[in-house]
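A.B. asks: Could you have a look at this structure, given as structure tokens, before my questions?
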Amino acid sequence: MIKPFFVGLAGGSGSGKTTLAKSLHSHLGSDQTSIFCLDWYYHDICKQPKLDDGSINFDHPSALDQYLLINHLQQLKKGRNINAPIYNFATHHRSKLTRKIANRPTIFIEGLHTLVLSEVRRILDLKIFIDLSDDIRFIRRLLRDQSERKRSLHGVITQYLTATRPMHMEWILPSRRFADVVLSAENSVSEMKRIVLSQIQATSKAGN
């Protein structure tokens with residue numbers, strides 16, 4: 078049974094968490110690593126928290142199914158495989174299908190709230206926060222949400238101003254203080270990857 082090493086990757090929307098996780102996964106190989114995304118655990122739209130104007134607040138921690146999320150992380154930590162949910166960002170509903178996440182020696186856990194949720198923080202072996210300017214993150218989010226999540230320009234801008242930015246200031250940015258390492262996303266992905274790999278090696282040795 079494998080007891081995995083959990084690496085948490087946190088940061089604001091558009092900071093490069095997913096890109097870095099995929100780069101690390103590709104470098105180390107699928108036989109050594111798995112990726113676990115908090116985005117998979119959004120509630121269906123009917124259970125999402127709402128703003129004062131009635132619109133959905135996808136950036137609040139309560140937007141996530143925290144019970145299932147924590148349960149699945151605990152199962153992985155015990156060396157078991159899981160069947161993670163598949164979330165449709167166009168319809169805002171969870172699919173009836175699931176994706177198998179295999180237990181591996183190293184698991185990268187990435188998402189907005191990776192360092193916000195105390196129960197997630199407690200089971201991480203290495204906590205990383207990716208820093209990037211608000212302007213660049215917004216541009217990245219705008220391009221992503223239009224191309225991958227089929228959002229309108231108006232919808233992305235409205236969500237950013239009413240929810241994403243306020244929630245970043247209230248929840249995401251303050252969670253940076255819990256990080257073992259803060260990376261600047263102004264560095265290249267390869268440079269950030271080098272730093273993370275070095276930290277994994279150092280932390281693993283210290284724990285043995």
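The opening position of the sequence shown corresponds to residue 78 in the working numbering, with each subsequent residue numbered one higher. Note that beta-carbon positions come from the ideal geometry of N, C-alpha and C, so glycine has one too.
1) Alpha helix (DSSP H) containing D211: first to last residue?
2) Name the two residues that bound the continuous beta strand (DSSP E) containing E187.
3) Let me confirm a value: R199 is counted as buried when at least 16 other C-beta atoms fall within 10 Å, else exposed. Which label applies?
4) Under three-state DSSP, which class holds R228?
5) Could you give the first and the last residue of the continuous beta strand (DSSP E) run that contains V84?
6) Select from M269, M244 and L250 the residue whose C-alpha is nearest the C-alpha of A140.
7) Alpha carbon to alpha carbon, how far is T95 from G188? Give it in angstroms, no decimals.
8) In chain order, what residues of the same chain have a beta carbon less than 8 Å from the beta carbon of V266, not counting five sequence neighbours either side?
9) Do the region 183-197 and the region 125-144 meet, that is, are 3 or more Cβ pairs less than 8 Å apart?
10) What residue range is occupied by the uninterrupted alpha helix (DSSP H) comprising N148?
11) I'd like to confirm the pairing. Which residues does DSSP put opposite C114 in its beta bridges?
12) Would you mind reading off the limits of the alpha helix (DSSP H) that contains K99?
13) Ignore the nearest five residues each way along the sequence and tell me which others in H149's own chain have a CB closer than 7 Å to its CB.
14) In the DSSP output, which residue or residues are listed as bridge partners for T175?
15) DSSP on I120, reduced to helix/strand/coil?
16) Where does S252 land, buried or exposed, given buried means 16+ other C-beta within 10 angstroms?
17) With DSSP run on the structure shown, which of helix, strand or coil describes V193?
18) Going along the chain, which residues of its own chain have a beta-carbon closer than 8 Å to the beta-carbon of S172, five neighbours each way excluded?
19) Looking at C-alpha atoms only, which residue of T168, I205 and S224 is the closest neighbour of I277?
20) Give me the Cα-Cα distance between Y237 and H231, rounded to the nearest whole angstrom.
C.D. replies: In terms of the structure at hand:
1) Locating residue 211 in the sequence shown gives position 134, where the first residue counts as 1. Segment D211 to S224, the alpha helix (DSSP H) holding D211.
2) The residue you call residue 187 lines up with position 110 of the sequence shown. Here the beta strand (DSSP E) through E187 covers T183 to E187.
3) In the sequence shown, the residue the question calls residue 199 occupies position 122. R199 comes out exposed.
4) For the purposes of this step, residue 228 is identified with residue 151 of the sequence shown, where counting begins at 1. Here R228 sits in coil by DSSP.
5) Within the sequence shown, residue 84 is the residue found at index 7, counting from 1. That run of the beta strand (DSSP E) goes F82 to G88.
6) Residue 140 sits at position 63 when you count from the first residue of the sequence shown. When only C-alpha atoms are compared, the closest one is M244.
7) On the sequence shown, position 111 is the one that residue 188 refers to. On the sequence shown, position 18 is the one that residue 95 refers to. Using only the alpha carbons, I get a separation of about 8 Å.
8) As a position in the sequence shown, residue 266 is number 189, starting the count at 1. So the qualifying residues of the chain are G93, T96, L97 and S100.
9) yes
10) Counted from its first residue, the sequence shown places residue 148 at position 71. Unbroken alpha helix (DSSP H) run through N148: Q143 to K154.
11) For the purposes of this step, residue 114 is identified with residue 37 of the sequence shown, where counting begins at 1. E187, per the DSSP bridge assignment.
12) Counting from one through the sequence shown, the residue named residue 99 turns up at place 22. Looking at the DSSP string, the run of the alpha helix (DSSP H) that includes K99 is K94 to L105.
13) Position 72 of the sequence shown, counted from the start, is the residue given in the question as residue 149. Correct list, in chain order: I159 and A161.
14) The residue labelled residue 175 in the question sits at position 98 within the sequence shown. Paired residue(s): P162.
15) Numbered from its first residue, the sequence shown carries residue 120 at position 43. The question names Ile, but residue 120 is His in the sequence shown. It is coil, neither helix nor strand.
16) Here the question's residue 252 lines up with position 175 in the sequence shown. The residue is buried, with at least 16 neighbouring Cβ atoms inside 10 Å.
17) Within the sequence shown, the letter at position 116 stands for residue 193. Reduced to three states, the DSSP call for V193 is coil.
18) Locating residue 172 in the sequence shown gives position 95, where the first residue counts as 1. Same-chain partners within the cutoff: P162, I163, Y164 and N165.
19) As a first step, residue 277 is located in the sequence shown; it is residue number 200 there, counting from the start. Checking every option, the nearest Cα to that of I277 belongs to I205.
20) Numbered from 1 along the sequence shown, position 160 holds the residue referred to as residue 237. Numbered from 1 along the sequence shown, position 154 holds the residue referred to as residue 231. About 10 Å.
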